[in-house]
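Have a look at the structure below, then the notes.
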Amino acid sequence: MTSRVRRYGVGALALAAMAGLCAATPATASSTFTDTPIRAAAAETSSGVSSEEFVERAEERVAEMSVAEQASTVVMGHVAGTDPAALHAYMASGLGGFILMGANIPATEAELQALTAALTVDPALPPLIAVDQEGGFVSRLHGDGFPASPSLKGLPVAETSAAFSARGALVARAGITVNFGTVADYTSDPASFIHGRALGIDSACAAERVAAATTAQEQFVASTLKHFPGHGAAPGDSHRAIPSSTMGREEWRATEAVPFEAGIDAGASLLMYGHLAYTEIDPLPASLSPVWHDIAREELGFTGVAVTDDLGMLLSSGDPAYADPVANGVAAIAAGNDLVLMIAGSDAQTAGAMAAGIGAAVDAGALPAERLEEAATRVVALRMQMAAATARWATCDDCEPVG
1168 MTSRVRRYGV
1178 GALALAAMAG
1188 LCAATPATAS
1198 STFTDTPIRA
1208 AAAETSSGVS
1218 SEEFVERAEE
1228 RVAEMSVAEQ
1238 ASTVVMGHVA
1248 GTDPAALHAY
1258 MASGLGGFIL
1268 MGANIPATEA
1278 ELQALTAALT
1288 VDPALPPLIA
1298 VDQEGGFVSR
1308 LHGDGFPASP
1318 SLKGLPVAET
1328 SAAFSARGAL
1338 VARAGITVNF
1348 GTVADYTSDP
1358 ASFIHGRALG
1368 IDSACAAERV
1378 AAATTAQEQF
1388 VASTLKHFPG
1398 HGAAPGDSHR
1408 AIPSSTMGRE
1418 EWRATEAVPF
1428 EAGIDAGASL
1438 LMYGHLAYTE
1448 IDPLPASLSP
1458 VWHDIAREEL
1468 GFTGVAVTDD
1478 LGMLLSSGDP
1488 AYADPVANGV
1498 AAIAAGNDLV
1508 LMIAGSDAQT
1518 AGAMAAGIGA
1528 AVDAGALPAE
1538 RLEEAATRVV
1548 ALRMQMAAAT
1558 ARWATCDDCE
1568 PVG
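Using the working numbering, you'd call the opening residue of the sequence shown number 1168 and step up by one each time.
In structure tokens form, the structure reads like this:
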């Protein structure tokens, strides 16, 4: 089996010189970013291992796993709390990742570093540790005073590079390896649920900033584009319902797809699928749609880890078709996701039940074993890449920000 896995890259901020503005937001000559006391002094990948070698190693590791172990590695878990010992015990089942929410963030950075370190059970294969750190409206970590989407859409693109470089460094220094932090949706409607989080008001404006944010973050963490295939054209809040759009494929390709393709081309490691239905393309939510996974990989060239948005949101929609969280997890993997997560409505047993359900579906022939193996290989390859990356950080008041 050949699995396509996005390479974790360390690159120069090639887009830092871009200077376009989104005209609908008042622009200022420069941001206040340069006064921020937290700086990334340096970050470098020193493993000397190519992405193809990581894939080969991941394939070997996954081939040695049982179905149950493969199923656990495609689940990202969550429980509240800041007790490192309790979280270490929670991760002992072999989950592929853990997402930090507000209830997991202690008062100090040192405490957070101890907490994230405790999430690793096997030092040879640390889990993916994720956070939603968009900045602005969606921030989990202390100390993120960097410009966010409301101001960045009215500033030169170089400011997006600088802000997300600093944000990525802040996330990585905490011991977090994945940031669900790049909103690739766009809208010009101030009443839209996503307007205050979007990096642009049109496709071109958003694409520039999404690419810049991706390039900047990939120096430090595995960055994530969300919420594919685009919240802007699907009005409503997907935390409460399943927003839908009647936009056709050609129009989508020329509009909503543009920022996502820009982020993919810039090297985003993960693509998060939203619980959104473009009914003219597929009546299913994109998170459960094989059609949308094929579009992302075959048309847009995405080769990284496909991850669901919180599957608990499907339960919150009230649609009886999505009342079974385990069935939703199985359907998500079958559709093409490599990693599933559930936060809303979950407890300490939820992730384990999800993994057990995925494994049982393979054993029963309802989920192809090759699909689970492919998903697990992509996740393990990214885990290996992030474990091999080493970073050096400094906190200072006078050093220049990267980017």
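Built from N, CA and C at the ideal position, the CB exists for glycine as well.
Being a predicted model, the structure only gives us computed values, none of them experimental.
Residue i in three-state terms, based on DSSP
i, result
"threonine 1344", "coil"
"threonine 1475", "strand"
"tyrosine 1257", "helix"
"tyrosine 1489", "helix"
"glycine 1302", "strand"
"phenylalanine 1265", "strand"
"serine 1213", "For serine 1213, the pLDDT reaches just 44, beneath the cut-off of 50, and the residue's location in the model is therefore unreliable, although a value from the coordinates is still provided. Looking at serine 1213 - three-state DSSP - the assignment turns out to be coil, as it is neither helix nor strand."
"leucine 1443", "coil"
"leucine 1295", "strand"
"methionine 1509", "coil"
"valine 1350", "strand"
"leucine 1437", "strand"
"glycine 1335", "helix"
"proline 1193", "Because proline 1193 carries a pLDDT of 41, less than 50, the predicted location of this residue cannot be relied on, and no value is offered for it."
"glycine 1363", "helix"
Endpoints, alpha helix (DSSP H) assigned at residue i
i, result
"threonine 1240", "1234-1240"
"methionine 1551", "1536-1555"
"arginine 1416", "1416-1421"
"glutamate 1430", "A small fix is needed here, since residue 1430 is glycine in this sequence, not glutamate. Its alpha helix (DSSP H) spans residues 1424-1432."
"arginine 1376", "1370-1384"
Rounded straight-line distance, which links the Cα of residue j to that of residue i
i, j, result
"alanine 1252", "isoleucine 1343", "18 Å"
"alanine 1531", "threonine 1517", "21 Å"
"threonine 1422", "serine 1359", "17 Å"
"alanine 1556", "serine 1217", "12 Å"
"proline 1492", "valine 1507", "11 Å"
"proline 1445", "valine 1338", "The sequence as given places tyrosine at residue 1445; proline does not occur at that position. Distance between the alpha carbons of tyrosine 1445 and valine 1338 is about 33 Å."
"proline 1357", "proline 1317", "11 Å"
"leucine 1482", "alanine 1502", "18 Å"
"glycine 1415", "serine 1436", "27 Å"
"glutamate 1466", "proline 1487", "32 Å"
"arginine 1340", "alanine 1330", "15 Å"
"arginine 1538", "proline 1323", "43 Å"
N- and C-terminal bounds of the beta strand (DSSP E) containing residue i
i, result
"isoleucine 1409", "Element bounds for isoleucine 1409: n/a, residue is neither H nor E."
"proline 1394", "The amino acid at residue 1394 is misidentified as proline; the sequence shows histidine. Run containing histidine 1394: 1389-1395, per the beta strand (DSSP E) assignment."
Whole-number beta carbon distance between residue j and residue i, since they are thought to touch under 8 Å
i, j, result
"isoleucine 1266", "alanine 1297", "5 Å"
"threonine 1349", "leucine 1392", "5 Å"
"glycine 1399", "aspartate 1432", "Actually they do not touch by this definition, with Cβ atoms about 20 Å apart."
"serine 1454", "alanine 1389", "Not a contact, Cβ separation roughly 19 Å."
"alanine 1573", "phenylalanine 1221", "Look at the range of the chain in this structure, 1168 to 1570, and you will see that residue 1573 is not part of it."
"glycine 1434", "threonine 1382", "7 Å"
"proline 1426", "valine 1474", "At roughly 18 Å, the Cβ-Cβ gap does not stay under 8 Å, so proline 1426 and valine 1474 are not in contact."
Margin query: Check whether the stretch 1271-1291 and the stretch 1359-1370 are in contact - that is, three or more C-beta pairs closer than 8 Å.
Written below: no
Margin query: Contact between the stretch 1226-1239 and the stretch 1517-1529 is defined here as three or more beta-carbon pairs at a separation below 8 Å; is this criterion met?
Written below: yes
Checklist line | Meets three-Cβ-pair contact criterion under 8 Å: the stretch 1532-1548 and the stretch 1217-1236 | finding: yes
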